[in-house]
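Protein chains in written order, with the working numbering: chain A, 132 to 520; chain B, 1181 to 1338.
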Amino acid sequence: MSRDVAIVGVGQTDCVGQHTDRSHPELTYDAVSGALAHAGLGRADLDAVVFGTMDAFDGVNRVDRWQAGGAGATDTCFMKTSTGGTTGLSAGIAAYQQAASGLNGIDTVMAVCTQRVGESENTQPILNTVYDPLFDRPLGVGAITQAAFQATRYEQTYGLTDEERAAIAVKNRQHGLDNPHAHLHTDIDIEDVLASPLVTTPFHLHECAPSSDGSAAVVMTAGDRAETLRETPAWVTGEVEMADNKYLGDRPDLAYWGSLAVAGRELSRAVGVEDPFEFFDLAEFHSPFSTREVLNLEALGFAKKGEAGDWALEGVTHRDGEMPVDPSGGNLSSHPIGATGLIKLGETALQVMGEAGDRQVEGVENTLAQGCGGNIQLNALMALSATRP
Amino acid sequence: MTDDNTRTMEATWHIEYEHAMGETAQQFFEWMRTDGELYGRHCPGCDRVLIPPRSFCDQCFTDTDEWMQVADRGEIHSVTVQHYSYEGLPDAPLAIVRVDLDGADTGLMHWADGDDIDLSDPDVPRNELAVGTRVRARWKPPEQRTGAITDIEYFEPV
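In structure tokens, the structure reads:
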């Protein structure tokens, strides 16, 4: 049987275009130091460290070796995860599973992810190298292509207006105004979104995530110790990470995210959720493009197929709405890709603790964090609660 | 890349690779080059014809058993037109499509275009290249084919 585990500390650097004043391991050190201080722990309390990033964005192969010291992992159990956009949540899940297992005397684990998307001249050629070199890469396919395919198919199946899409970007960027760590702090409206340059149809520039530098750290511990460290630790009530194959052409209908729905049902079974809309008080999704929010809501059972398109426009997903989504500002405000999933996990933990500052949602009991990577392929979910399981 | 007096150190990665195709993809590309035809692989477990062709079906986790010719025409499952060019990638405007080919159970990624299509028009994905549009492959002349996915120039509306 696994043990109860709670998040007891969260640390994060600001997300910016490029942190020129801090080297890669210094960013990692900043986030880890922040999480330890938040938890009231020291490095000697750590039994294991999980580090996550994607090497090619940072241009340093096996960048984890450069990070071990800044991650607090010297003479400590250390592993790396690298699962594309899922990386941050994969690191959180790997840390949780170690603490929950109790193997090798591991009780307290740090997950830390650092990503410097802002250090490369151009991100899309790197994203293109993720794809099959035989069939897909010569076509110039990238992460944005798969999201645009979902958006186009959704729009022409269920109907989705330019204004409904733009409202998702506006909502996220307005949430980001209240997040001191967010990369973009610009107040935009629907007209601004639709007047920004068309990148790939149907996405305008403001509907796409920025290229951010940033580091995030989350420390968790097993059993009663969590209750001695915080009045309200953020207890892990369930997690899942599942893969689909890599072929976009194999997805039966790109208007609906079938593999994410499978992962969502698995999480609901583990946590005991009957109706996600009723159960969860907020969600931090992996939505680096506007329409992803709609696909996420429908695949994860918050809405029926074709139902969530106008939720941002109607205020449902606003911080004070019925189902707040990305109160942090989400990927559209900050996106250090390999760290984003851990930022999401940390944000949901702060919400459960009641420590999310100006972005706090009222009365939070249960939260959901999502990570996604690969060819809309790797789906990770983690649920937190203010109540010990 | 800095806007203040902090320093950065320039670095580049330029590494060349030769990726093995595997016999299945190699055969597929050879038929594209010599015959201008497309073939998928049949899975005996789920009875699907899979394209791109593969030697195993990941759903059934079993070997595929035979080649099945699929049409070089079908319908657009989804589309996006890139309006921004990226270094080292094909120039915009560029229409990328998933085509669900007649006779296959999965879709193929490729490009779409046409003599009467202006890809710089942002409404093309809602009109000439809308979801459900019937398209066919426009092949390169045989002497220009190299045995690659780009032996098809693009898919064009029928």
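Even for Gly, the Cβ is constructed at its ideal location relative to N, Cα and C.
C-alpha gap between residue i and residue j, whole angstroms
i: Leu315 of chain A; j: Met1212 of chain B; result: 47 Å
i: Arg174 of chain A; j: Ala204 of chain A; result: 8 Å
i: Val163 of chain A; j: Glu486 of chain A; result: 18 Å
i: Phe410 of chain A; j: Asn510 of chain A; result: 20 Å
i: Pro364 of chain A; j: Ala353 of chain A; result: 11 Å
i: Thr1182 of chain B; j: Gln149 of chain A; result: Note on Thr1182 of chain B: pLDDT 49, under 50, position unreliable in the model; the coordinate value appears next. One C-alpha to the other measures close to 8 Å.
i: Tyr378 of chain A; j: Ile224 of chain A; result: 25 Å
i: Arg1234 of chain B; j: Arg519 of chain A; result: 47 Å
i: Gln1250 of chain B; j: Cys1223 of chain B; result: The amino acid at residue 1250 of chain B is misidentified as Gln; the sequence shows Val. Their Cα atoms are separated by approximately 14 Å.
i: Cys339 of chain A; j: Arg296 of chain A; result: 11 Å
i: Thr1186 of chain B; j: Glu250 of chain A; result: 14 Å
i: Asn310 of chain A; j: Asp451 of chain A; result: 15 Å
i: Glu294 of chain A; j: Asp1303 of chain B; result: 16 Å
i: Asp195 of chain A; j: Tyr1197 of chain B; result: 24 Å
i: Thr260 of chain A; j: Val141 of chain A; result: 33 Å
i: Thr1313 of chain B; j: Glu286 of chain A; result: 15 Å
i: Ala1272 of chain B; j: Asp384 of chain A; result: 27 Å
i: Ser399 of chain A; j: Pro407 of chain A; result: 8 Å
Extent of the continuous alpha helix (DSSP H) run through residue i
i: Lys435 of chain A; result: Where Lys435 of chain A is concerned, there is no enclosing alpha helix (DSSP H), given that its DSSP letter is neither H nor E.
i: Phe280 of chain A; result: Ala274 to Tyr289
i: Gln229 of chain A; result: Thr218 to Ser232
i: Val261 of chain A; result: Neither: Val261 of chain A is in no alpha helix (DSSP H) and is coded neither H nor E.
i: Gly140 of chain A; result: Careful: Gly140 of chain A lies outside any alpha helix (DSSP H), inside the beta strand (DSSP E) at Val136 to Gln143.
i: Pro407 of chain A; result: Pro407 to Phe410
i: Phe188 of chain A; result: Asp186 to Asp189
i: Gly389 of chain A; result: Gly389 to Val402
i: Ser465 of chain A; result: Counting along the chain, Ser465 of chain A falls outside any alpha helix (DSSP H), and DSSP gives it neither H nor E.
i: Ile321 of chain A; result: Ile321 to Ala326
i: Arg356 of chain A; result: Arg356 to Leu360
i: Ser164 of chain A; result: His155 to Ala170
Exposure label - residue i; buried when at least 16 CB within 10 Å
i: Asn235 of chain A; result: exposed
i: His169 of chain A; result: buried
i: Ser516 of chain A; result: buried
i: Pro1321 of chain B; result: exposed
i: Gln1324 of chain B; result: exposed
i: Leu192 of chain A; result: Leu is not the amino acid found at residue 192 of chain A; the sequence shown has Asn there. By the 10 Å Cβ count, Asn192 of chain A comes out exposed.
i: Arg1221 of chain B; result: buried
i: Ala1191 of chain B; result: exposed
i: Ala202 of chain A; result: buried
i: Lys475 of chain A; result: buried
Proximity below 8 Å, CB of residue i to CB of residue j
i: Tyr1334 of chain B; j: Asp1301 of chain B; result: no
i: Arg284 of chain A; j: Ala386 of chain A; result: yes
i: Gly469 of chain A; j: Met241 of chain A; result: no
i: Ala137 of chain A; j: Trp366 of chain A; result: yes
i: Gly233 of chain A; j: Arg134 of chain A; result: yes
i: Thr292 of chain A; j: Arg304 of chain A; result: no
i: Phe280 of chain A; j: Phe420 of chain A; result: no
i: Val1311 of chain B; j: Ile1256 of chain B; result: yes
i: Phe257 of chain A; j: Phe182 of chain A; result: Per the sequence shown, residue 257 of chain A should be read as Ile rather than Phe. Taking 8 Å as the Cβ cut-off, Ile257 of chain A and Phe182 of chain A do not qualify as a contacting pair.
i: Glu372 of chain A; j: Gln501 of chain A; result: no
i: Ala347 of chain A; j: Gly219 of chain A; result: yes
i: Gly1327 of chain B; j: Glu1210 of chain B; result: yes
i: Asn506 of chain A; j: Gln277 of chain A; result: yes
i: Ile299 of chain A; j: Glu424 of chain A; result: yes
i: Leu391 of chain A; j: Met1289 of chain B; result: no
i: Ala313 of chain A; j: Ser213 of chain A; result: no
Continuous beta strand (DSSP E) stretch holding residue i: start and end
i: His1290 of chain B; result: Leu1288 to Ala1292
i: Ile1231 of chain B; result: Taken as a continuous stretch (DSSP letters only), Ile1231 of chain B belongs to no beta strand (DSSP E), as it is neither H nor E.
i: Ala298 of chain A; result: Run containing Ala298 of chain A: none in the beta strand (DSSP E); it sits in the alpha helix (DSSP H), Asp293 to Leu308.
i: Phe209 of chain A; result: Cys208 to Thr212
i: Glu478 of chain A; result: From DSSP, Glu478 of chain A is part of no beta strand (DSSP E) but of the alpha helix (DSSP H) over Ile468 to Met484.
i: Phe1209 of chain B; result: Unbroken run through Phe1209 of chain B is the alpha helix (DSSP H), Glu1203 to Asp1215; no beta strand (DSSP E).
i: His1257 of chain B; result: Arg1253 to Gln1262
i: His1222 of chain B; result: Leu1218 to His1222
i: Arg1353 of chain B; result: Here chain B comprises residues numbered 1181 to 1338, so residue 1353 of chain B is not present and cannot be evaluated.
i: Ala1191 of chain B; result: Run containing Ala1191 of chain B: none; DSSP gives neither H nor E here.
For residue j and residue i, believed in contact at Cβ under 8 Å, the rounded distance
i: Gly1254 of chain B; j: Val1279 of chain B; result: 5 Å
i: Cys244 of chain A; j: Leu473 of chain A; result: 5 Å
i: Gly369 of chain A; j: Ala514 of chain A; result: 5 Å
i: Ser343 of chain A; j: Val483 of chain A; result: Contact doesn't hold; Cβ gap of about 25 Å is too wide.
i: Gly504 of chain A; j: Gln143 of chain A; result: Contact doesn't hold; Cβ gap of about 20 Å is too wide.
i: Ala430 of chain A; j: Gly403 of chain A; result: The Cβ separation is near 20 Å, so there is no contact.
i: Asp412 of chain A; j: Thr498 of chain A; result: 6 Å
i: Ile319 of chain A; j: Val301 of chain A; result: 6 Å
Task: Interfacial residues, the stretch 408-442 of chain A to chain D, with Cβ spacing under 8 Å - done: Absent from the structure is chain D; the protein chains it does hold are A and B.
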